[in-house]
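What follows is a single structure, written as structure tokens, with notes after it.
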Amino acid sequence: MDVDQLDLNPRIIAAIKKAQLRSAREVLRLSGPDLQRLTGLSAVDAWRVLQAASQCLRGSDVFTALQVYQQKAQFPGQHQRLSLGCPVLDRLLRGGLPLDGITELAGRSSAGKTQLALQLCLAVQLPRQHGGLEAGAVYICTEDVFPDRRLQQLIVHQPQLRTDVPGELLSKIRFGDQIFVEHVADVDALLECVGRRIPVLLARGMARLVVLDSVAAPFRCEFDSQASATRARHLQTLGATLRRLSCTFQTPVLCINQVTETMDERGPAGPQGFSDERVSPALGTTWSNQLLMRLTTERAHSEEAPPGPPARTLRVVFAPHLPPTSCSYIISADGVRGTPGTKSC
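In the working numbering, the protein residues as written are 13 to 357.
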């Protein structure tokens with residue numbers, strides 16, 4: 013804010029401007045004695061200047077938790093979510109993915125992780141009244157080629173999956189043109205991608221979703237057990253960069269993760285979100301500390317599954333706003349659909 017807008021005597025304002033201080037932020041970078049020397053003001057006047065500048069930059073008054081919950085104050089980022097494209101799954105997550113933070117989706121192969129990620133890449137392009145963010149998505153592939161054929165199938169079946177969205181609106185959106193695909197083969201290329209190229213797309217408003225599929229692949233290939241400290245440092249750098257992007261641009265970040273299996277019969281400590289207690293998400297505690305929310309997917313064993321599409325389970329392992337809960341879902345040509353009445357806490 014310009015110093016002319018401070019609630020001060022014109023004589024004091026003139027002294028501040030004569031000292032080449034143009035904004036309240038510049039004023040607050042100085043101590044009281046320094047401000048006195050630069051402006052020639054008395055100690056009392058310098059104190060008044062600092063008080064006025066701090067009150068100007070303090071921002072809004074304190075709000076109660078009830079006011080935030082009822083959205084009486086303007087906190088859009090805390091309440092807005094990115095829909096998963098299915099009302100059942102959205103109810104599980106209380107609206108969808110938060111805009112601020114990293115969400116991990118972990119599971120075995122064929123559990124449906126990539127299917128959910130592709131569906132989010134389409135959902136983010138819809139208008140806000142339909143759960144989207146009216147922007148594209150960045151999809152970073154680290155091990156397999158991008159599943160373009162499956163994406164085209166999902167685009168064709170959007171009218172069957174998203175019956176809540178008018179068909180005319182769906183036909184106007186060029187879904188395939190707003191998904192930006194990056195293939196990276198190693199950790200250095202991954203850090204370069206998230207540190208330099210992706211911020212350009214986000215800053216221009218061309219994308220509001222980042223998908224990393226998968227986060228574990230580059231680290232598993234490059235680092236052995238002797239390089240654990242180096243791996244941890246790179247993981248922390250990656251996590252910090254993704255969190256900063258998410259916070260700065262209010263962009264959900266979805267990281268798909270693989271799982272590891274321990275030979276210890278006791279299994280890993282703490283709940284991991286899988287029916288097999290010996291299975292846990294890859295990359296350990298170093299990566300877990302970077303996450304806002306962890307989701308897991310699991311496919312039912314063949315002897316347990318009823319006739320029809322294989323049943324899968326989406327679980328919330330931890331999140332600051334959700335209890336541990338789960339629901340079943342199926343994958344069809346249309347996309348991912350939650351099974352009503354299967355939510356459990």
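Idealized CB from N, CA, C, for every residue including glycine. The model shown is predicted, which means the values in this text are computed figures rather than measured ones.
What do you get for residue i, buried or exposed, if any count of 16 or more other CB atoms within 10 angstroms of its CB means buried?
{"i": "L254", "result": "buried"}
{"i": "D102", "result": "buried"}
{"i": "T175", "result": "exposed"}
{"i": "R220", "result": "buried"}
{"i": "T308", "result": "buried"}
{"i": "L47", "result": "buried"}
{"i": "L111", "result": "buried"}
{"i": "Q170", "result": "buried"}
{"i": "L247", "result": "buried"}
{"i": "V227", "result": "buried"}
{"i": "A239", "result": "exposed"}
{"i": "A26", "result": "exposed"}
{"i": "Q137", "result": "buried"}
{"i": "R243", "result": "buried"}
{"i": "K125", "result": "buried"}
{"i": "T274", "result": "exposed"}
{"i": "R306", "result": "buried"}
Taking the alpha-carbon of residue i as reference, which of the options has the nearest alpha-carbon?
{"i": "K218", "options": "F192, A229 and S226", "result": "Note that residue 218 corresponds to Met in the displayed sequence, not to Lys. Closest option to M218, Cα to Cα, is F192."}
{"i": "P211", "options": "L134, V265 and R232", "result": "V265"}
{"i": "G436", "options": "L134, G113, C98 and Q137", "result": "The chain is shown from 13 up to 357; residue 436 falls before or after that span and cannot be answered."}
{"i": "R349", "options": "A31, R243, Q172 and E38", "result": "Q172"}
{"i": "Q141", "options": "E273, C259, L203 and Q92", "result": "Q92"}
{"i": "L20", "options": "R49, V61 and L50", "result": "V61"}
{"i": "P321", "options": "Q302, I342 and V329", "result": "I342"}
{"i": "R186", "options": "V168, D198, C339 and P22", "result": "V168"}
{"i": "P336", "options": "L104, L295, L33 and P22", "result": "L104"}
{"i": "S258", "options": "T274, Q302, E273 and S35", "result": "Q302"}
{"i": "S292", "options": "E204, V329, C339 and R209", "result": "V329"}
{"i": "G119", "options": "I28, Q67 and R327", "result": "R327"}
{"i": "T351", "options": "P332, A323 and H333", "result": "A323"}
{"i": "H333", "options": "T115, P45, Q67 and R208", "result": "T115"}
{"i": "R232", "options": "T272, R216 and R209", "result": "T272"}
In whole angstroms, what separates the C-alpha of residue i from that of residue j?
{"i": "L40", "j": "V15", "result": "11 angstroms"}
{"i": "G143", "j": "L94", "result": "6 angstroms"}
{"i": "G148", "j": "L304", "result": "22 angstroms"}
{"i": "Q63", "j": "A77", "result": "28 angstroms"}
{"i": "K355", "j": "L145", "result": "26 angstroms"}
{"i": "A345", "j": "V222", "result": "24 angstroms"}
{"i": "A135", "j": "R162", "result": "15 angstroms"}
{"i": "S43", "j": "R256", "result": "30 angstroms"}
{"i": "E289", "j": "A312", "result": "15 angstroms"}
{"i": "S300", "j": "V206", "result": "19 angstroms"}
{"i": "R106", "j": "S122", "result": "26 angstroms"}
{"i": "E155", "j": "E194", "result": "11 angstroms"}
{"i": "R49", "j": "T260", "result": "37 angstroms"}
{"i": "I28", "j": "E204", "result": "44 angstroms"}
{"i": "Q32", "j": "R23", "result": "15 angstroms"}
{"i": "D209", "j": "F286", "result": "Note that residue 209 is Arg in the sequence shown here, rather than Asp. Each residue's Cα considered, the two are about 35 angstroms apart."}
{"i": "K30", "j": "Q67", "result": "22 angstroms"}
{"i": "A331", "j": "C98", "result": "20 angstroms"}
{"i": "P45", "j": "T249", "result": "40 angstroms"}
{"i": "R245", "j": "V196", "result": "19 angstroms"}
{"i": "R216", "j": "P139", "result": "18 angstroms"}
{"i": "D361", "j": "K184", "result": "The question about residue 361 has no answer here: the residues shown for the chain are numbered 13 through 357."}
Would you mind stating whether residue i and residue j have Cβ atoms separated by less than 8 angstroms?
{"i": "I268", "j": "D225", "result": "yes"}
{"i": "L96", "j": "G108", "result": "yes"}
{"i": "P310", "j": "T297", "result": "Contrary to the premise, residue 310 reads as Glu rather than Pro in this sequence. Their beta carbons are not under 8 angstroms apart, which means E310 does not touch T297 by this criterion."}
{"i": "L18", "j": "A65", "result": "yes"}
{"i": "L202", "j": "T263", "result": "no"}
{"i": "G347", "j": "L166", "result": "yes"}
{"i": "P230", "j": "D189", "result": "no"}
{"i": "A241", "j": "Q270", "result": "no"}
{"i": "R37", "j": "L69", "result": "yes"}
{"i": "V157", "j": "C339", "result": "no"}
Compare the C-beta of residue i against all C-beta atoms of chain D and say whether one is closer than 8 angstroms.
{"i": "L104", "result": "Chain labels in this structure do not include chain D; a single protein chain is all it has."}
At least 3 beta-carbon pairs within less than 8 angstroms: the region 54-66 vs the region 168-182: no
Any 3 or more C-beta pairs closer than 8 angstroms across the region 148-158 and the region 115-133: The region 148-158 makes contact with the region 115-133: 3 or more CB pairs, one atom from each, lie closer than 8 angstroms.
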